[in-house]
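J.: Under the numbering used here, the first residue of the sequence shown carries the number 7, and numbering increases by one thereafter. Glycine residues also receive a C-beta, built at the ideal position from the N, C-alpha and C atoms. Fair warning: this is a prediction, and the values are worked out from it, not measured in the lab.
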Amino acid sequence: MTLNHFSFFPEVLLFSLALYLLFTNLRRAALVTDKGTFLAPFISRGGYYAFLLMGILSLGFLWRYSTNSEPLIFGVFSSDKLAVGSKLIVFMLGVPWLGLGAKGIRRSFQRENMRSFEYPSLLLFSMLGSFLLVSSSHLGGIFVALSLQIVPVLVATSLYEDKTASVMWGTKYFILDGICLSFFVFGAALFYGAVGDLNLKSIALFCQTAVQEGGDDLRIVIAFFMIFVVFLLRLAAFPFHLWIKGFYEASSNLVVPFMITIYFSVFIVLVRLLFEGFSGLIDMWKPVLFCVGLCSCLWGAIGALFQTNIRSFFSYNYMFHLGMVLLGLASGIVEGLQASLLYWVVYTLSASVFFFFWSNLSVNDQMLDTIDQAKGLGVKHPAFTLLISLTLLSLASVPPLAGFWCKLYVLKSLIPSGWIYVSALLFLTIIASFQYFHIIRAIYFSDQGTDIRITYEWRTIWTIAPLILVGFFLFQDGALNFIKEIVKGI
7 MTLNHFSFFP EVLLFSLALY LLFTNLRRAA LVTDKGTFLA PFISRGGYYA FLLMGILSLG
67 FLWRYSTNSE PLIFGVFSSD KLAVGSKLIV FMLGVPWLGL GAKGIRRSFQ RENMRSFEYP
127 SLLLFSMLGS FLLVSSSHLG GIFVALSLQI VPVLVATSLY EDKTASVMWG TKYFILDGIC
187 LSFFVFGAAL FYGAVGDLNL KSIALFCQTA VQEGGDDLRI VIAFFMIFVV FLLRLAAFPF
247 HLWIKGFYEA SSNLVVPFMI TIYFSVFIVL VRLLFEGFSG LIDMWKPVLF CVGLCSCLWG
307 AIGALFQTNI RSFFSYNYMF HLGMVLLGLA SGIVEGLQAS LLYWVVYTLS ASVFFFFWSN
367 LSVNDQMLDT IDQAKGLGVK HPAFTLLISL TLLSLASVPP LAGFWCKLYV LKSLIPSGWI
427 YVSALLFLTI IASFQYFHII RAIYFSDQGT DIRITYEWRT IWTIAPLILV GFFLFQDGAL
487 NFIKEIVKGI
């Protein structure tokens, strides 16, 4: 068996477990007559840890022996460092949200009145789509992977038994995503008409030849921007961000961090498109991406100031951090790309840690939705609140936490573009950090307004994550070397 045969083992593992959980739990659900009965996902603890071990070992093996020159399935997919490293990141950050191992997350299903037995299967299919997406080096493969990635998440968003808004926004986003994918297909068709192939290397060669000859093919320009807009809309970058606030509000506290995780794979395929497929058009997309990133930072920083709902706050917070990532990408240099990738990984980790601890809070057996509901939390649960505060300080880029170093790398990559942009981003960072300190003030220095309860399941391995954010400066060189190896796949 060659490495090519083994390259899709992680995808086969995800697909097999998703089908097993789906059919097993559907059979169990059919035997239950009381609709109010809670069904936990049917998998033993040993099976869950075996799944984790097999996933990590297989991805680690591929990382060790993968090369950058092995096309798979007629050149549609690849198993380079960029693909394997991205799969490893998505797997490590996404698996905890499947609800298979953490009792605290299972308890959150009950508090939110969600049909939990379907949830892990849906997220496994979405993770499978993310794995295929980061491996795609062909516009046809990207289209299929984009569809497989997002549809299960939309269904998972609508799993509330008694929340109409979640079903409404799931349906709205499903229609929006359908329109979005139709634009992608039209752009891919234009590329096929001009190039005669949908492989990114063929498109890159055609674009470079067209630029060298000094001719602007209108089909290429239109096709590029149609595909480019699709990814800006999928990432909710300015000005295609209007759906993100309502979608976050209607989603569960468990779905939002998983969404942030799988969007890392969307960013990876955008990187592959820009630097591998459309590298010859860098003079075209670089200023557009720079404006989009700067406007996203501005809108996210200001919009977050007026939010009281925690998920609404994180929708604007996500926009601000997305803008920082896009600005690093718009620098057009390798250092900026490395800084953007590291920034997204650390942001995803910080947001995931925050939502894990937040999902363990409840008032009257209901999960917390607003910031005011957490008032006085630090008085009753000081250790728990300290971990949340460390995560918020990392998101606010307070030194010496991880968020500070990642933002420093992005700003450093923007220095060649001009100090005025660095100064503007520093000012926006100060504005964006205000709401983080507002949350810390509320949980430490406000009178307790409600009886906040916390589940004891929060005392898991997740408690190490805030300490990793604090001590990031001790191993940041190793993290940067890992990111540099990923970038070599382009």
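If you count every other CB in all the chains shown that lies within 10 Å of the CB of Tyr55, and 16 or more means buried, which is it?
T.: Counting Cβ neighbours within 10 Å, Tyr55 comes out exposed, since fewer than 16 surround it.
J.: Which term fits Gln218, buried or exposed, when burial requires 16 or more other beta carbons within 10 angstroms of its beta carbon?
T.: So Gln218 ends up on the exposed side.
J.: Assign Leu367 to one of three DSSP states: helix, strand, or coil.
T.: In the structure shown, Leu367 sits in a strand (DSSP, three-state: E or B).
J.: Is Ser403 helix, strand or coil when you go by DSSP?
T.: The answer is coil: DSSP assigns Ser403 none of H, G, I, E or B.
J.: Between Ile152 and Leu187, how many whole angstroms is the CB-CB distance? I'm expecting something under 8 Å.
T.: Note on residue identity: the sequence assigns Leu, not Ile, to residue 152. Confirmed, about 6 Å.
J.: For a test of the three-state rule: what should DSSP assign to Ile308, helix, strand or coil?
T.: Ile308: helix per DSSP, three-state reduction.
J.: Touching or not, the segment 396-407 and the segment 290-304, by the rule of three or more beta carbon pairs under 8 Å?
T.: No, the segment 396-407 does not touch the segment 290-304.
J.: Given a threshold of 16 other Cβ atoms within 10 Å of its Cβ, counted over all protein chains shown, does Leu432 qualify as buried or as exposed?
T.: Flag for Leu432 reads exposed.
J.: Extract the residue ranges of the alpha helix (DSSP H) inside the segment 372-446, only unbroken runs of 4 or more that lie entirely within it.
T.: Entirely contained in the segment 372-446, the alpha helix (DSSP H) runs reaching 4 residues are, in chain order, 383-386, 388-401 and 408-420.
J.: Between Ala156 and the rest of its own chain, which residues show a CB-CB distance below 6 Å, the 5 nearest in sequence each way excluded?
T.: Going by the sequence as given, residue 156 is Ile instead of Ala. Within the same chain, Ile156 has close Cβ partners Asp183.
J.: Where His444 and Ser22 are concerned, what is the direct C-alpha to C-alpha distance, given to the nearest angstrom?
T.: Near 45 Å, if we compare the C-alpha coordinates of Ser22 and His444.
J.: For Val227, which residues in the same chain have their Cβ closer than 8 Å to its Cβ, ignoring the five residues on either side in sequence?
T.: So the qualifying residues of the chain are Met290.
J.: Using a 10 Å radius around the Cβ and a threshold of 16 neighbouring Cβ atoms, would you call Val96 buried or exposed?
T.: Val96 comes out buried.
J.: Please list, in chain order, all residues of the same chain as Tyr349 whose beta carbon is under 8 Å from its beta carbon, the five residues on each side excluded.
T.: Counting only Cβ-Cβ distances below 8 Å, and skipping sequence neighbours, we find His327, Met330, Val331, Gly334, Cys412, Lys413, Tyr415 and Val416.
J.: Can you tell me the Cα-Cα spacing of Lys251 and Ala210, whole angstroms?
T.: Computed Cα separation, rounded: 36 Å.
J.: On the three-state DSSP scale, how would you describe Ser142?
T.: Reduced to three states, the DSSP call for Ser142 is strand.
J.: Sorted by chain position, which residues of the same chain lie with C-beta nearer than 7 Å to Lys93's C-beta, five sequence neighbours on each side aside?
T.: If we look at Lys93 and ignore the five residues flanking it on each side, its Cβ neighbours are Pro16, Leu65, Phe137 and Val140.
J.: When the distance is taken between beta carbons, is Thr354 closer than 7 Å to Thr435?
T.: Against a cut-off of 7 Å, the Cβ pair of Thr354 and Thr435 comes out as no contact.
J.: Is Ala229 buried or exposed, if buried means 16 or more other CB atoms sit within 10 Å of its CB?
T.: Its Cβ being crowded by 16 or more others within 10 Å, Ala229 is buried.
J.: Please report the distance separating the alpha-carbon of Asp86 from that of Tyr322.
T.: Straight-line Cα distance between these residues: approximately 33 Å.
J.: Should Asn31 go down as buried or exposed, given a rule of 16 or more other Cβ atoms within 10 Å for buried?
T.: Looking at its Cβ environment, which holds 16 or more other Cβ atoms inside 10 Å, Asn31 is buried.
J.: Buried or exposed: where does Tyr442 fall if 16 or more other Cβ atoms within 10 Å of its Cβ makes it buried?
T.: By the 10 Å Cβ count, Tyr442 comes out buried.
J.: Closer than 8 Å is the cut-off here; do at least three beta carbon pairs connect the segment 267-277 with the segment 377-396?
T.: Counting Cβ pairs under 8 Å, fewer than three are found: no touch.
J.: In angstroms, rounded to a whole number, what distance separates the CA positions of Thr39 and Met373?
T.: The pLDDT assigned to Thr39 is 49, lower than 50, so where the model puts this residue is not dependable; a value taken from the coordinates is nonetheless given after this. Cα to Cα, Thr39 sits roughly 27 Å from Met373.
J.: Please return the same chain residues whose Cβ sits closer than 8 Å to the Cβ of Ser356, not counting the five positions on each side in sequence.
T.: Answer for Ser356: Thr397, Ser400, Leu401, Ala408, Gly409 and Leu475, listed in chain order.
J.: Can you tell me whether Asn259 is buried or exposed? The criterion is at least 16 other CB atoms within 10 Å of its CB, across all chains shown.
T.: The residue in question, Asn259, is buried, as its Cβ has 16 or more Cβ neighbours within 10 Å.
J.: Does Asn31 come out as helix, strand or coil in the three-state DSSP assignment?
T.: In this structure, Asn31 counts as helix in the three-state DSSP scheme.
J.: Secondary structure at Asn323, three-state DSSP: helix, strand or coil?
T.: Of the three classes helix, strand and coil, the one that applies to Asn323 here is helix, per DSSP.
J.: Which residues in the same chain as Thr43 place their Cβ atom closer than 6 Å to its Cβ, once the five residues preceding and following it in sequence are excluded?
T.: Any reading at Thr43 must be qualified, since the residue scores a pLDDT of 46, below 50, and its modelled position is unreliable; no value is offered.
J.: In three-state terms, what does DSSP make of Ile458?
T.: Correct three-state label for Ile458: strand.
J.: Which partner residues does Phe362 have in the DSSP bridge list?
T.: DSSP, once it has assigned bridges, lists no residue as partnering Phe362.
J.: What is the residue span of the alpha helix (DSSP H) that Asp483 lies within?
T.: Here the alpha helix (DSSP H) through Asp483 covers Gln482 to Val493.
J.: Note the first and the last residue of the continuous alpha helix (DSSP H) segment covering Leu94.
T.: It spans Lys87 to Gly100 - the alpha helix (DSSP H) in which Leu94 sits, taken as one unbroken run.
J.: Using only alpha-carbon positions, find the residue among Trp103, Ile62 and Glu124 that is nearest to Phe29.
T.: Among Trp103, Ile62 and Glu124, the Cα nearest to that of Phe29 is on Glu124.
J.: Pick helix, strand or coil for Leu78, following the three-state DSSP scheme.
T.: Reduced to three states, the DSSP call for Leu78 is strand.
J.: Based on DSSP bridge pairs, tell me the residues matched to Phe83.
T.: For Phe83, which the question treats as bridged, DSSP gives the partners Leu78 and Ser142.
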